[in-house]
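Engineer: Okay, here's the structure, questions in a sec.
In my numbering, the protein residues as written are 506 to 665.
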């Protein structure tokens, strides 16, 4: 079937991506129709951050999973990137769009909690502390949702 514009006929392929999107087999993919299989998405290797004081980068956020370990028996203070840096790195984000980042604390001593700062232009809603893996009463991981609220401004919700 062709698309017609003012009497001219163009093949549909002329309006699509070049090259055409691959139709994979196995796994749920757009256009593949494998509805009984899991949704497949790209997943780079997690970012591994260590140290007592760390500034998280936008590249770390882009990986989607960050492991943290403040080391020895100390607690960690980590700061998310500024809203301006996030805006510059992810220009497709519009107001009220969001992305998630999972943080896993590998610290195995009591007191290896990591406290996150929002970064300039951002606000954290919810508990900003990711407990160490030795504390049985709190999970050693958290999911943070970064929602764009304006130019160079994000609200970071702890949702898990």
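Quick reminder that beta carbons are idealized off the backbone N, C-alpha and C, glycines included.
Would you kindly report the start and end of the unbroken beta strand (DSSP E) that includes residue 592?
Structural biologist: That residue, residue 592, is in no beta strand (DSSP E); its alpha helix (DSSP H) goes 588-594.
Engineer: What residue range is occupied by the uninterrupted alpha helix (DSSP H) comprising residue 567?
Structural biologist: Start and end: 563-568.
Engineer: By Cβ distance, which residues of its chain are closer than 8 Å to residue 583, with the 5 residues on each side in sequence left out?
Structural biologist: Within the same chain, residue 583 has close Cβ partners 554, 558, 559, 560, 561, 573, 619, 620, 621 and 622.
Engineer: Suppose you measure from the CA of residue 593 to the CA of residue 635; what does that come to, to the nearest Å?
Structural biologist: The straight-line gap from Cα to Cα measures roughly 27 Å.
Engineer: Beta strand (DSSP E) containing residue 653: first to last residue?
Structural biologist: Here the beta strand (DSSP E) through residue 653 covers 646-655.
Engineer: In the DSSP output, which residue or residues are listed as bridge partners for residue 610?
Structural biologist: Bridge partners of residue 610: 573.
Engineer: To the nearest angstrom, how far is the alpha carbon of residue 533 from that of residue 541?
Structural biologist: Unreliable placement is indicated for residue 533, whose pLDDT of 46 sits below 50; the coordinate value is still reported in the next sentence. Going by the C-alpha atoms only, they are around 7 Å apart.
Engineer: Spatial neighbours of residue 546 within its chain, please: C-beta separation below 7 Å, excluding the five flanking residues on both sides.
Structural biologist: Excluding positions up to five away in sequence, the list is empty.
Engineer: Less than 7 Å separating the beta-carbons of residue 629 and residue 661?
Structural biologist: Contact flag set, yes.
Engineer: If you follow the beta strand (DSSP E) that residue 664 is part of, which residue opens it and which one closes it?
Structural biologist: Counting along the chain, residue 664 falls outside any beta strand (DSSP E), and DSSP gives it neither H nor E.
Engineer: Tell me which residues share the same chain as residue 590 and place their Cβ nearer than 7 Å to its Cβ, disregarding the 5 neighbours each side in the sequence.
Structural biologist: 563, listed in sequence order.
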